[in-house]
Amino acid sequence: MSLIITILLPALFGLALTLDIFRSRRSRDILVLIAVFASSAAMWMLLTRDSGESFTLLGTAGNTALSLKLDGMGKIYAGIAAALWPVAAVYSAEYMRHDGKVRWFNACFLFAMGAAFGIALSGTILTMYVFCLLLSASTVPLVFHGMTKQSKKAGRTYLIYSVIGAVLALAAVVFVLLRGGSEFGMGGSFDPGEANTAMTMYLVGFMGFGVMAAVFPLHGWMPRDYVVATPVSAVLHAIAVVNAGVFAVIRLTFYTFEADFLAGTWAQYAAMGVTVVTIVFGSTMARREKQIKRRLAYSTCSNASYILFGVTQMTAAGLAAGVVHMVFHAIFKLGAYFAAGAVIHRLRKEYADDMTGLGKRMPVTFVCFTVFGLALTGVPPLNGFLSKWLLAQSAIETGNIMSTIGVCALLYSAFLTAVYMLTISVKAFFPPDDGEPKKKVRSREARAPMLVPMVLLALLCLASGLFGGAVIETVSALLGV
Amino acid sequence: MRNILILLLVVFPMASAPAVWLAGRKNRRSRDFAVIAVTFIELCLTILAAVMCFNGEYAADLCGINLRLDGFRCVYTVITAFMWFMTALLSPEYFAHYHNTDRYFLFCLLTLGATQGVFLSADLMTAFLFFEVMSLASFPWVAQDETGDALRAANTYLAVAVIGGLVTLMGMFLLNNLTGTLVIDELYDACKAVSNRGTLYTAGACILFGFGAKAGMFPLHIWLPKAHPVAPAPASALLSGVLTKAGVFGMIVLCCHIFRYDEVWGFAMLIVGVITMVWGAVLGVLSVNLKRTLACSSMSQIGFILTGLSMCCLLGHENALAARGVMLHMVNHSLIKLVLFMTAGAIYMNVHTLDLNKLRGFGRNKPILHFAFLMGALGIGGIPLWNGYISKTLLHESIVEFYAESGLIWIKIAEWLFLIAGGLTVAYMTKLYVCIFVEKNTECQEKYDGIKKSLSPLSAAALIGSAAVLPLLGMTSGITMNRIAELGQSFIHGGELEHAVNYFSLENLKGGGISLAIGVTVYFLVIRGFLMKKENGVRVYADRLPKWLDLEDKVYRPLLLKILPGCLGPLARVFGENKVLAPAGKFIASKLGLIKDEK
C-alpha cells in the first residue's frame, strides 16, 4: 500500500496545484517545494525498508496485471530521483522566478516525479511501460512550455521520438507477455523460446527504451530541447528521462531476458555496438557544438551510453559499473546544467566562446563548473574517474573484441570530454590578454537558491569520489551481485 | 602516529592552500609570510618523517590511497619540500608586481601536496591519482601571465597532461588485467609470471607515455621548452626540478619493477634516452632565450637519467653503478635546476626579458648572482668537485661496463653520444655564462651596472643557500652522495656495489675531460662561429633553429585539431544532425501518405 501512496503523493500535489486556490506565486512556490520534499521524504522512508514488498495495482487475468514491487535496482533509481529532485526544485524555483505561467509547469514537474517513482517501483514490464508513457506524457508539456516557435518545434520532435520509442518498446513488451513473462527477477522472467526471434525482440526493446537514453540514431530529441528552461533540461537529462531509459534497458536485459542468454550472441554485439557508436558520436558532436546546453546534451548522449555499455557487457561487474556511473553521472551532469543555467540566467551568455573571462564575474559558479567538468572527464579523485575505471575494467575482463573497442571509445571520449568541458573553464578563468588594462569587474554571482545546490553537488562529487568504495559496495549489495 | 605523519605530508599543504588564498585576499604581506611558513613546516615534517624512517619503512592507507615511506621516498619528499621552501623565499620579491598571485600560491601549495603524494605512493593507482591532480593543479602556473604565448603553452601543457593521463590509464587497465595488482612492490613478481609479453610491453608503453610526457621524454617533450619560458621563474624551477621527477618516478616503476632486468625494454629505453639526451642538448645550444635554454637542458638531463635507467635494465644484477647514478643524477638535477631557474628569475625581475641579446652583460659586478649561476653551471657541466660530475661519472661508468660485457658497437656509440651530450651541456652553459657575466651590453650596460641592489635579502639568502649545497655535495661526495645513493636502492633495486667507486681516478677524470674538451670546441667553433651574426656592427646571438623542426606545430596540433576531427566530425554531422535519416524518414512517410508534403 505504501508503494502506491509514494507514487501518488507527488501527483496529488500536482493536481492540487492546478486548482485555482493557489493564486499568489509565493504560495505556489511553497506548495511545490513542500510537495517535492514530502514526496522525496516518503520515498526515502520506503527505501529504508527491506526489499520484496509488492502491491497489485490492477489484477487482470493472465500475466497482464499491473503490479508494484520494491527491489534493489528499483531502490537505486528511486534513490537518485528522490535525492536529486528536491535539489532541482530549489534551483528551479529561483530560475523560473520571472516566468509568468508556471502553474502547469510545476504541476507537470510533479507528475513527472510521480511517474519516475512509478518506473522505479514497477514490478512487471507492462507496469514499467505504462509509467514510461506517463513520464513522457508529463515531460512533453515541459518542453513545450516556452511556447516559442523553437520550443514548439522541440516539443514536437520530442513527442515524435517518444512515440517511436513507445511503439518499439510495446512490440517487445507484447512479445514478452505472449511468451509468459511475469514479475521481474534477476536472471530472467520468461522462457524466450526460439533464440533468434527472442534476440531480435530484445534489440527492438533495447532501441525502444533506448530512445529515452538517446542511443544513436534515436537521440535526435535530446539536443533539440536546448531551448527549454535549464531546470527542465537538467531534470530530463540527469535525473528522470535518461535514467529511466537506462533503467528500463537494465530491467529488460537482466530482469526480463537473461544476461547469460544474451551474452556472446550477435544481439549483444549489436547492442554494444550501438552504445559504442553513441559514445564516440556524442562526444564528437559535443566538441563541435558551441551552444553550451546543446553541448551538455550531446555529452549526456555519450554518457548514457557509457552506462549502457556497462549493461550490455552482460556481466554482473559490468552491470555494477554501469549503475555506479548512472549514480555519479546524475550528480555531475545535474551540477553542470545548474552551472550553465546560472550563467545563462544571470549573464545571458550561452555560447562557449562568450564565456571568456566570466570566471571573474561568477567565480563560484565557474569553480563548480570546473569540478563537474573534471568529474565528467574522469579525473581522480572525483567520482567520474571511479565509475569509468570500473567500466573499462569490467569490459577488459569480458575479453570480447567489442569490449576492447569500447574501452578505446571510452578513452577517446574522455579526451574529447576534457576538450569540451575544460576549454570553457580555461576560457573563463584565463582570458587572453587583449592589451587593455584590467578593469575591476562587478560580481554577478547567482543568488543562493541556485548557488547552494551547485556547491552541494560539487562537494558531493568530491565526497563520492573519495569514499567511492562505500558507493560501490552499496550498489553491489542492492543489485545482489 | 607515523601513519598520521605520512598522511600529513600530503594533506597539510593541500589543506593550508585555501587558508593562504584567503590570507592573500586580505593582505599581501601576511600571505607571503604564510606561504613561507607552510613550506617551512612541510620541510620540517619531511625531515622528521625521514628521521623516523631510519627505524624502518612504514606505510599508510586511507580510502584506497596507499602511501609508503622508504629511503628513496624520504630523499624525494625532503628535496620537494626544500625546493618549495626555497622558491617560496624568492617569491615575495619576484611576484611583487604580478597580478593574480593569490591564485598562483593556491595552486602552488595544492601541487606541493599532490607531488608529495606521487612520490609517497605505494601503488600505481595512488600514483596516478596524485599525478593527475599535480598535472592539473600546475596548469595555472603556466597560464599565470595570461599572455597569448602563456595561454598557448598552457593549453599545450594541459593537452599533454590530459592525453598522457588517459594513455597511462589505458596501460594501467591492461597491466591490472594481466597481473591483478598495481602495488609497486608486487609488480616485479607478478610481471615475471606473465607469459603474454606483447601485451605487457603494450601496457608498459602506455604507462610510459603519460609519465614520459611529464618528464619531457622525446617525442613528448613539446610542452617543456614552451612552458618554462612563460611560467614565473619559481614555477619553472619547480616544474623542471620536481615535476619532471614525478614523471621519472613512474619510469623507475617501469624500469626497476615491472621490467626489472628485461633486456628488450632496456634497449627501447636506451634509444629513447639517448635521443632525448642529445636532442635536448642540441636544442639548448641553439636556443637564444635564457629559460628556454635551461628548459632544453632539463630535457637533456632527463635523457641522461633515462639512459641510466636503461642500463639498470640491461646490466641485470650487476647494475649497482647505473642505479646509483640514476638516483644521484635525479637529486643533482633537481638541486641544480633550482639554482639556475632562481637565478634566471632574479635576472628577469630586474630586466623583464629573457632574450640573451637584451640581457647580455646584466650579471657583471653582481657577486651573488654570479656565484649562484656559476655553481649551477659547474654542477650541471659535470666539472670535478661539483655534484653533477659524480652522477655523470657513475652513469658513464655503467655504459662502459655494459660495453665491456656485451661488446655491442651500439653501446660504444651510445657512450660517445653520452660524452657529446655532456660536452654540449658545457657548451650551452658557457654560452649563458659568457653572455650574462662576461660580455658587455652595447646599449644599456650603464643602466645594468647602475642596478646595485638587484636582490632583496630574502631572495639573496635563497639563492646563496641553494647554490652552496652544490659544491658542498660534490666535495663531500664520499660521505653525502654515497649515502643518498644508498638510500635510493631499496626502490631502484640496484645490485650490491662490489667495491667503492673512486670518483677521481684517472679513468673517471678522463671521461669528464673528454666532455669538457668537446664542450670547449663546440663553444668556440659552433656557438661563436655559426650561431652568432653581425647586426649593426655588433655580434649578436642568432636564432638558427629551423621553424619546421617544431613537432608541436607540424605534427601534433594538425593531427589532433585537423585530421582526427576532420575524419570523425563530418561523419557525426551527417548522421547526427539527422541530415540523412530524417529526410529519408520523411520521404518514406510522405510516400506512404502518413504525412502531408510540407510544400
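Each protein sequence line maps, in turn, to chains Y and C. Last residue of the first sequence: 481 in my numbering, with the numbers rising by one and none dropped. Last residue of the second sequence: 599 in my numbering, with the numbers rising by one and none dropped. By construction, the Cβ of each residue, glycine as well, lies at the ideal position given by its N, Cα and C atoms. Since the model is a prediction, treat every value here as computed from it, not as a measurement.
Per-residue DSSP class, three states only, for residue i
{"i": "Glu535(C)", "result": "strand"}
{"i": "Lys69(Y)", "result": "strand"}
{"i": "Tyr58(C)", "result": "strand"}
{"i": "Arg444(Y)", "result": "coil"}
{"i": "Glu598(C)", "result": "Its pLDDT being 48, under 50, Glu598(C) is placed unreliably in this model, and the value from its coordinates should be taken loosely. Three-state result, Glu598(C): coil."}
{"i": "Ser590(C)", "result": "helix"}
{"i": "Tyr76(C)", "result": "helix"}
{"i": "Tyr541(C)", "result": "strand"}
{"i": "Val232(Y)", "result": "helix"}
{"i": "Leu561(C)", "result": "helix"}
{"i": "Tyr503(C)", "result": "coil"}
{"i": "Gly468(Y)", "result": "helix"}
{"i": "Asn289(C)", "result": "strand"}
{"i": "Val183(C)", "result": "strand"}
{"i": "Tyr261(C)", "result": "coil"}
{"i": "Gln482(Y)", "result": "Since the first residue of chain Y shown is 1 and the last is 481, residue 482(Y) is not available in this structure."}
Rounded straight-line distance, which links the Cα of residue j to that of residue i
{"i": "Gly378(Y)", "j": "Leu359(C)", "result": "45 Å"}
{"i": "Met429(C)", "j": "Gly381(C)", "result": "7 Å"}
{"i": "Leu294(C)", "j": "Glu146(C)", "result": "22 Å"}
{"i": "Ile236(Y)", "j": "Thr139(Y)", "result": "One point to set straight first is that residue 236(Y) is Leu, not Ile, in the sequence displayed. Cα-Cα distance, rounded: 8 Å."}
{"i": "Met299(C)", "j": "Ala81(C)", "result": "22 Å"}
{"i": "Val90(Y)", "j": "Leu306(C)", "result": "56 Å"}
{"i": "Phe341(C)", "j": "Phe338(Y)", "result": "43 Å"}
{"i": "Asn441(C)", "j": "Glu496(C)", "result": "53 Å"}
{"i": "Thr356(Y)", "j": "Val426(Y)", "result": "8 Å"}
{"i": "Tyr95(Y)", "j": "Met285(Y)", "result": "28 Å"}
{"i": "Phe211(C)", "j": "Ala584(C)", "result": "49 Å"}
{"i": "Ala16(Y)", "j": "Ala137(Y)", "result": "19 Å"}
{"i": "Glu598(C)", "j": "Ile164(Y)", "result": "Any reading at Glu598(C) must be qualified, since the residue scores a pLDDT of 48, below 50, and its modelled position is unreliable; no value is offered."}
{"i": "Tyr523(C)", "j": "Pro232(C)", "result": "29 Å"}
{"i": "Ala214(Y)", "j": "Leu159(Y)", "result": "14 Å"}
{"i": "Ser541(Y)", "j": "Tyr255(Y)", "result": "The displayed coordinates of chain Y run from 1 to 481. Any statement about residue 541(Y) would go beyond what the structure contains."}
{"i": "Gly264(Y)", "j": "Asn177(C)", "result": "20 Å"}
{"i": "Gly241(C)", "j": "Tyr503(C)", "result": "25 Å"}
Test item: CB-CB of residue i and residue j under 8 Å
{"i": "Leu31(Y)", "j": "Leu70(Y)", "result": "no"}
{"i": "Met212(Y)", "j": "Leu168(Y)", "result": "no"}
{"i": "Leu120(C)", "j": "Leu69(C)", "result": "yes"}
{"i": "Phe209(Y)", "j": "Val277(Y)", "result": "no"}
{"i": "Glu289(Y)", "j": "Val364(Y)", "result": "no"}
{"i": "Val176(Y)", "j": "Phe190(Y)", "result": "yes"}
{"i": "Ala215(C)", "j": "Gly494(C)", "result": "no"}
{"i": "Glu93(C)", "j": "Met311(C)", "result": "no"}
{"i": "Ala330(Y)", "j": "Leu390(Y)", "result": "no"}
{"i": "Ala493(Y)", "j": "Thr312(Y)", "result": "Past the edges of chain Y, shown from 1 to 481, lies residue 493(Y), and the structure says nothing about it."}
{"i": "Cys206(C)", "j": "Gly171(C)", "result": "yes"}
{"i": "Pro10(Y)", "j": "Gly114(Y)", "result": "yes"}
{"i": "Tyr129(Y)", "j": "Leu84(Y)", "result": "no"}
{"i": "Gly204(C)", "j": "Trp265(C)", "result": "yes"}
TODO: Any chance you could list the alpha helix (DSSP H) runs of at least 4 consecutive residues sitting entirely within the segment 120-158 of chain Y, in chain order?
DONE: 125-144
Task: At least three beta-carbon pairs within less than 8 Å, the segment 101-119 of chain C to the segment 137-144 of chain C - done: yes
TODO: Indicate whether the contact test is met: 3 or more Cβ pairs, each with one atom in the segment 31-49 of chain C and one in the segment 10-22 of chain C, closer than 8 Å.
DONE: yes
Task: Start-end ranges of the alpha helix (DSSP H) lying completely within the segment 189-231 of chain Y, minimum 4 residues - done: 195-210 and 221-224
Task: Minimum length 4: unbroken alpha helix (DSSP H) runs contained in the segment 3-75 of chain Y - done: 25-47
TODO: Only counting runs of 4 or more residues, tell me where the alpha helix (DSSP H) segments fall wholly within the segment 65-139 of chain C, in order along the chain.
DONE: 71-94, 101-120 and 124-137
Open item on the list: Contact between the segment 109-124 of chain Y and the segment 149-156 of chain Y is defined here as three or more beta-carbon pairs at a separation below 8 Å; is this criterion met?
Closed with: no
Task: Contained alpha helix (DSSP H) runs [length at least 4] in the segment 149-232 of chain C, N- to C-terminal order - done: 184-192, 197-215 and 223-230
Task: Cβ pair count under 8 Å reaching 3, the segment 288-307 of chain Y against the segment 238-245 of chain Y - done: yes
Open item on the list: Ignoring anything shorter than 3 residues, give me the beta strand (DSSP E) runs that lie fully in the segment 355-418 of chain C, in order along the chain.
Closed with: none
Open item on the list: Under 8 Å: do the segment 359-375 of chain Y and the segment 455-472 of chain Y share three or more Cβ pairs, one atom per stretch?
Closed with: yes
Open item on the list: Under 8 Å, with one C-beta from each stretch per pair, do the segment 464-471 of chain C and the segment 365-379 of chain C reach the 3-pair mark?
Closed with: yes
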